[in-house]
Amino acid sequence: MTVTLMKSKIHRATVTEANLNYIGSVTVDAELMEAAGLFEYELVHVLDIDNGSRLQTYVIPGPPGKGDICMNGAAARRVHVGDRVIIIAYCQVDIMKAPEHRPRIVLVGEGNARLSVEFGEDSRETFQGPQEGGG
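Numbering-wise (this note's numbering), the sequence shown opens with residue 70 and increments by one.
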């Protein structure tokens, strides 16, 4: 038996472009994709921190080192330039190996520059983003 677990995520990236006329997908800087272990055309979930929307699409690589995060096609109506997003991929893990599974977490900063790559939940202690609502 298998269980679906988080494989990796790119945490708090900023959308740099929205292209309604593109066929679909989310374009992600190739270096961020590699850091997160994402494959071209892999299914990802995009969570918009600013407006709460969630969608699923597939990922394609953008030019490396430019920090591009571009919402393409219909997704461009729900996630906009300047929005902060979390891009998550999932994987199937044998239920007996699930306790040892550690997802890869890519933390990004200004200009979507990679700050660090963490493994597992310990990353909660290493990154404290801005708190919403003053608390």
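Virtual Cβ for every residue (Gly too), placed ideally from N, Cα, C.
The model shown is predicted, which means the values in this text are computed figures rather than measured ones.
Residue i and residue j: beta carbons closer than 8 Å?
{"i": "T83", "j": "I138", "result": "yes"}
{"i": "Y127", "j": "L74", "result": "no"}
{"i": "L116", "j": "I155", "result": "yes"}
Could you have a look at residue i and say whether DSSP puts it in helix, strand or coil?
{"i": "R146", "result": "helix"}
{"i": "N90", "result": "coil"}
{"i": "E187", "result": "strand"}
{"i": "G151", "result": "coil"}
{"i": "G180", "result": "helix"}
Residue i to residue j, Cα distance in whole Å?
{"i": "G121", "j": "V97", "result": "20 Å"}
{"i": "G142", "j": "A182", "result": "25 Å"}
{"i": "T71", "j": "D163", "result": "4 Å"}
Considering Cα atoms alone, identify which of the options is closest to residue i.
{"i": "P172", "options": "G151, S77, V150", "result": "S77"}
Closer than 8 Å, CB to CB, is residue i near chain B or not?
{"i": "S77", "result": "Among the chains of the structure shown, chain B does not appear; only one protein chain is present."}
Is it a yes or a no for the stretch 162-179 touching the stretch 89-96, going by three-plus beta-carbon pairs under 8 Å? no
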